[in-house]
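Chemist:
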Amino acid sequence: MTSKLETASVTDAKQTLSSTAALKAVFIRLGALPFFLIAALILFSLASRQFLTLDNLTNVARQSVYLVLVSLGQMVVLVTGGFDLAVGTSIALTSVVSASVMVYFAAQFPDMVWLVIVLGVSAGFLAALALGMLNGIGIAQFGVSPFIMTLGVQSVGAGIALFLTGGVPIGNLPFEFGDFFGFGRVLGVPVPVLIAIVTMAAMWVLMNRTRSGARIYAIGGNIKAANLSGINTKRTLFLAYILCALLASVAGVLLTARVESGETNLGGTIALESIAACVIAGVSLRGGIGRVESVVLGAFFIVLVQNGMNLMQIGSYMQMVLLGSLLILAVVIDQFRYRMLIGNR
1471 MTSKLETASV
1481 TDAKQTLSST
1491 AALKAVFIRL
1501 GALPFFLIAA
1511 LILFSLASRQ
1521 FLTLDNLTNV
1531 ARQSVYLVLV
1541 SLGQMVVLVT
1551 GGFDLAVGTS
1561 IALTSVVSAS
1571 VMVYFAAQFP
1581 DMVWLVIVLG
1591 VSAGFLAALA
1601 LGMLNGIGIA
1611 QFGVSPFIMT
1621 LGVQSVGAGI
1631 ALFLTGGVPI
1641 GNLPFEFGDF
1651 FGFGRVLGVP
1661 VPVLIAIVTM
1671 AAMWVLMNRT
1681 RSGARIYAIG
1691 GNIKAANLSG
1701 INTKRTLFLA
1711 YILCALLASV
1721 AGVLLTARVE
1731 SGETNLGGTI
1741 ALESIAACVI
1751 AGVSLRGGIG
1761 RVESVVLGAF
1771 FIVLVQNGMN
1781 LMQIGSYMQM
1791 VLLGSLLILA
1801 VVIDQFRYRM
1811 LIGNR
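Each residue of the sequence shown is one higher than the last, beginning at 1471 in the numbering used here.
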């Protein structure tokens, strides 16, 4: 009898150890996101019956499109060992410039609506491209800290946007612009969702199947070793910040179409949210580690948490407190994960 009890105890101990090892492997590979996601699903489903309904989850998926796009760009610069605080300004400047150009050319070419839209969207992309180039030149060419450089560019871009509009939203955009990019569907799929899916696929290919992606990971892992191995680190960093700005610009165009006006306050908190989405998704702040699919899920998780807090009728100010606390917790957990990752090597 004693022998059977001892055998059962040993078996239970082995099962516990194997379960712990499995959880540890998941944590090292994916970070805290799976655990956060399970906790959020349990908490909010208990708090509200509407949370796990198909309509609510579909709404969350639509709302997460904009954060997904920005977070994918943020992931690229985080993997290089930097970050971009100017993504919100890229969105705002894209919105203001594209709206201004569309309004101007709509008066010049009233019968050429799609030409007006193309010109406006192109101008918005160019404005964001200029911000990305400023970041890239400062960080890659002159070695300025990403924090200082992107913070300065954020201020410059916000000032330009306010100067162009005087703080007043720009309305009277072409109806077709909002109707297609904001609320349109292709084969039953909302256009913003379709654009996000295409962008996700393109980013996955870039980061996992191209030399440029390998160079980005190499720079984040060890920039000196990457330089010695023949990688043009300055050029790669420059392109990373341009890509980040352009992805934010895509989100800016879609948000402008959604609200049907050019506004300077679009993307006000998205820098914090995108960094939080990336860190929660396992992107290391030290660089060199990050997965596209995890970042997409991380952005979805952030919007899911915001949706759950709305259903629980938590005020917007307290939501900011909780989101900031979640970011701090994710950073602390990232430190533990990094130590475990180094220990396994």
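Think of the CB as a built atom: it goes at the ideal place given N, C-alpha and C, for glycine as much as any other residue.
Rounded to whole angstroms, what is the Cα-Cα separation between Asp1581 and Cys1748?
Modeler: Along the sequence shown, read from residue 1 onward, the residue named residue 1581 stands at position 111. Along the sequence shown, read from residue 1 onward, the residue named residue 1748 stands at position 278. Going from the Cα of Asp1581 to the Cα of Cys1748 covers about 44 Å.
Chemist: For Gly1752, count neighbouring Cβ atoms within 10 angstroms of its own Cβ and tell me buried if that reaches 16, exposed if not.
Modeler: For the purposes of this step, residue 1752 is taken as residue 282 along the sequence shown, with counting starting at 1. Counting Cβ neighbours within 10 Å, Gly1752 comes out buried, since at least 16 surround it.
Chemist: Can you tell me whether Asn1777 is buried or exposed, with buried defined as 16 or more other CB within 10 angstroms of its CB?
Modeler: On the sequence shown, residue 1777 is found 307 positions in, with the first residue counted as 1. Buried, since its Cβ has 16 or more Cβ neighbours within 10 Å.
Chemist: Determine the DSSP secondary structure at Arg1681, reduced to helix, strand or coil.
Modeler: For the purposes of this step, residue 1681 is identified with residue 211 of the sequence shown, where counting begins at 1. Looking at Arg1681 - three-state DSSP - the assignment turns out to be helix.
Chemist: Pull up the distance between the alpha-carbon of Phe1645 and that of Leu1632, whole angstroms please.
Modeler: On the sequence shown, position 175 is the one that residue 1645 refers to. On the sequence shown, position 162 is the one that residue 1632 refers to. Using only the alpha carbons, I get a separation of about 24 Å.
Chemist: For Ile1640, which of helix, strand or coil comes out of DSSP?
Modeler: As a position in the sequence shown, residue 1640 is number 170, starting the count at 1. Looking at Ile1640 - three-state DSSP - the assignment turns out to be strand.
Chemist: For Val1720, does the count of other Cβ atoms within 10 angstroms reach 16, so buried, or fall short, so exposed?
Modeler: Start at 1 with the first residue of the sequence shown, and residue 1720 comes out as number 250. Looking at its Cβ environment, which holds 16 or more other Cβ atoms inside 10 Å, Val1720 is buried.
Chemist: Using beta-carbon positions only, say whether Phe1647 and Ile1561 come within less than 8 Å of one another.
Modeler: By one-based count along the sequence shown, residue 1647 stands at place 177. By one-based count along the sequence shown, residue 1561 stands at place 91. 8 Å or more divides the Cβ of Phe1647 from the Cβ of Ile1561.
Chemist: Does the stretch 1685–1702 touch the stretch 1589–1600, meaning 3 or more C-beta pairs lie closer than 8 Å?
Modeler: no
Chemist: Tell me whether Val1723 sits in a helix, a strand or coil according to DSSP, three-state version.
Modeler: Translated into the one-based positions of the sequence shown, residue 1723 becomes position 253. Here Val1723 sits in helix by DSSP.
Chemist: So, helix, strand or coil for Gly1757, using DSSP?
Modeler: As a position in the sequence shown, residue 1757 is number 287, starting the count at 1. The DSSP-derived three-state label of Gly1757 is coil.
Chemist: Return helix, strand or coil for Val1567, following the three-state DSSP convention.
Modeler: Taking the first residue of the sequence shown as 1, we reach residue 1567 at position 97. In the structure shown, Val1567 sits in a helix (DSSP, three-state: H, G or I).
Chemist: Look at the alpha carbon of Phe1506 and the alpha carbon of Ile1745, and state the distance between them as a whole number of angstroms.
Modeler: For this step, residue 1506 is matched to residue 36 along the sequence shown. For this step, residue 1745 is matched to residue 275 along the sequence shown. So the alpha carbons of these two residues sit roughly 16 Å apart.
Chemist: Touch check for the stretch 1764–1772 and the stretch 1529–1543: three-plus C-beta pairs under 8 Å?
Modeler: The way I'd put it, the stretch 1764–1772 does touch the stretch 1529–1543; three or more beta-carbon pairs between them come closer than 8 Å.
Chemist: State the CB to CB distance for the pair Gly1606 and Phe1708, rounded to an integer number of angstroms; the pair is presumed to be in contact (CB under 8 Å).
Modeler: Taking the sequence shown and counting its residues from 1, one reaches residue 1606 at position 136. Taking the sequence shown and counting its residues from 1, one reaches residue 1708 at position 238. So it is a contact: roughly 4 Å between Cβ atoms.
Chemist: With the cut-off set at 8 Å, would you say Val1566 and Ile1640 are in Cβ contact?
Modeler: Here residue 1566 corresponds to residue number 96 of the sequence shown, with the count starting at 1. Here residue 1640 corresponds to residue number 170 of the sequence shown, with the count starting at 1. Cβ atoms of Val1566 and Ile1640: closer than 8 Å.
Chemist: Starting from the Cα of Trp1584, find the closest Cα among Thr1620, Val1547, Thr1564 and Asp1649 and give me that residue.
Modeler: The count along the sequence shown starts at 1 and reaches residue 1584 at position 114. Of Thr1620, Val1547, Thr1564 and Asp1649, the residue nearest in Cα terms is Asp1649.
Chemist: Mind checking which residues open and close the alpha helix (DSSP H) that includes Pro1504?
Modeler: By one-based count along the sequence shown, residue 1504 stands at place 34. Leu1503 to Ala1517 is the span of the alpha helix (DSSP H), which, as asked, contains Pro1504.
Chemist: In angstroms, rounded to a whole number, what distance separates the CA positions of Thr1680 and Ala1715?
Modeler: As a first step, residue 1680 must be located in the sequence shown, where it is residue number 210. As a first step, residue 1715 must be located in the sequence shown, where it is residue number 245. Cα to Cα, Thr1680 sits roughly 20 Å from Ala1715.
Chemist: Going by alpha carbons, who is nearest to Gly1738 out of Thr1559, Leu1516, Ser1682 and Arg1807?
Modeler: By one-based count along the sequence shown, residue 1738 stands at place 268. Residue Thr1559 is the option with its Cα nearest to Gly1738.
Chemist: Specify, as a first and last residue, the run of the alpha helix (DSSP H) that Ala1628 falls within.
Modeler: Sequence index remark: in the sequence shown, residue 1628 carries index 158 (1-based). Unbroken alpha helix (DSSP H) run through Ala1628: Pro1616 to Thr1635.
Chemist: Kindly list the residues whose CB is nearer than 7 Å to the CB of Ala1800, restricted to its own chain and excluding five residues on each side of it in sequence; keep chain order.
Modeler: Taking the sequence shown and counting its residues from 1, one reaches residue 1800 at position 330. Within the same chain, Ala1800 has close Cβ partners Ala1502, Ala1746, Val1749 and Ile1750.
Chemist: For the candidate residues Leu1596, Val1549, Gln1611 and Ile1630, whose alpha-carbon lies nearest to that of Asn1692?
Modeler: Numbered from 1 along the sequence shown, position 222 holds the residue referred to as residue 1692. For Asn1692, the closest C-alpha among the options Leu1596, Val1549, Gln1611 and Ile1630 is that of Val1549.
Chemist: Taking all protein chains shown into account, do 16 or more other C-beta atoms lie within 10 angstroms of the C-beta of Val1802, making it buried, or fewer, making it exposed?
Modeler: Against the sequence shown, residue 1802 aligns to sequence position 332. Exposed.
Chemist: Leaving out five residues on either side along the sequence, give the residues of the same chain with a beta carbon under 6 Å from the beta carbon of Thr1620.
Modeler: Position 150 of the sequence shown, counting from 1, holds the residue named residue 1620. Asp1554, Leu1555, Ala1556 and Asn1605.
Chemist: Would you report the Cα separation of Gly1637 and Tyr1808, rounded to the nearest angstrom?
Modeler: On the sequence shown, residue 1637 is found 167 positions in, with the first residue counted as 1. On the sequence shown, residue 1808 is found 338 positions in, with the first residue counted as 1. For Gly1637 and Tyr1808, the distance between alpha carbons rounds to 43 Å.
Chemist: Tell me the rounded alpha-carbon separation between Gly1652 and Asn1735.
Modeler: Along the sequence shown, read from residue 1 onward, the residue named residue 1652 stands at position 182. Along the sequence shown, read from residue 1 onward, the residue named residue 1735 stands at position 265. So the two alpha carbons sit approximately 18 Å from each other.
Chemist: Would you call Leu1643 buried or exposed, if buried means 16 or more other Cβ atoms sit within 10 Å of its Cβ?
Modeler: By one-based count along the sequence shown, residue 1643 stands at place 173. Flag for Leu1643 reads buried.
Chemist: Suppose you measure from the CA of Asn1529 to the CA of Gln1520; what does that come to, to the nearest Å?
Modeler: Numbered from 1 along the sequence shown, position 59 holds the residue referred to as residue 1529. Numbered from 1 along the sequence shown, position 50 holds the residue referred to as residue 1520. Those two C-alpha atoms are separated by around 12 Å.
Chemist: Would you call the CB atoms of Leu1793 and Leu1742 closer than 8 Å?
Modeler: As a first step, residue 1793 is located in the sequence shown; it is residue number 323 there, counting from the start. As a first step, residue 1742 is located in the sequence shown; it is residue number 272 there, counting from the start. A contact, by the Cβ cut-off of 8 Å.
Chemist: For Gly1543, which option in Leu1717, Val1571, Gly1654 and Met1810 has the closest C-alpha, if you only look at C-alpha atoms?
Modeler: Looking up residue 1543 in the sequence shown gives position 73. Minimum Cα distance to Gly1543 is reached at Leu1717.
Chemist: Would Ala1710 and Val1540 be called neighbours here (beta carbons separated by less than 8 Å)?
Modeler: On the sequence shown, position 240 is the one that residue 1710 refers to. On the sequence shown, position 70 is the one that residue 1540 refers to. Contact: no.
Chemist: Is Thr1564 closer than 8 Å to Ala1598 when the C-beta atoms are compared?
Modeler: For this step, residue 1598 is matched to residue 128 along the sequence shown. For this step, residue 1564 is matched to residue 94 along the sequence shown. It is a contact, given that the beta carbons lie within the stated cut-off.
Chemist: Name the two residues that bound the continuous alpha helix (DSSP H) containing Phe1595.
Modeler: Here residue 1595 refers to the residue found at position 125 of the sequence shown. Val1583 to Gly1606 is the extent of the alpha helix (DSSP H) around Phe1595.
Chemist: Note down, in chain order, each residue of its chain lying with its Cβ closer than 6 Å to the Cβ of Gly1602, except the 5 sequence neighbours on either side.
Modeler: For the purposes of this step, residue 1602 is taken as residue 132 along the sequence shown, with counting starting at 1. Counting only Cβ-Cβ distances below 6 Å, and skipping sequence neighbours, we find Tyr1711, Ile1712 and Ala1715.
Chemist: Can you pull the DSSP bridge partners for Gly1732?
Modeler: As a working mapping, residue 1732 is identified with position 262 in the sequence shown. In DSSP, Gly1732 forms a bridge with Ile1640.
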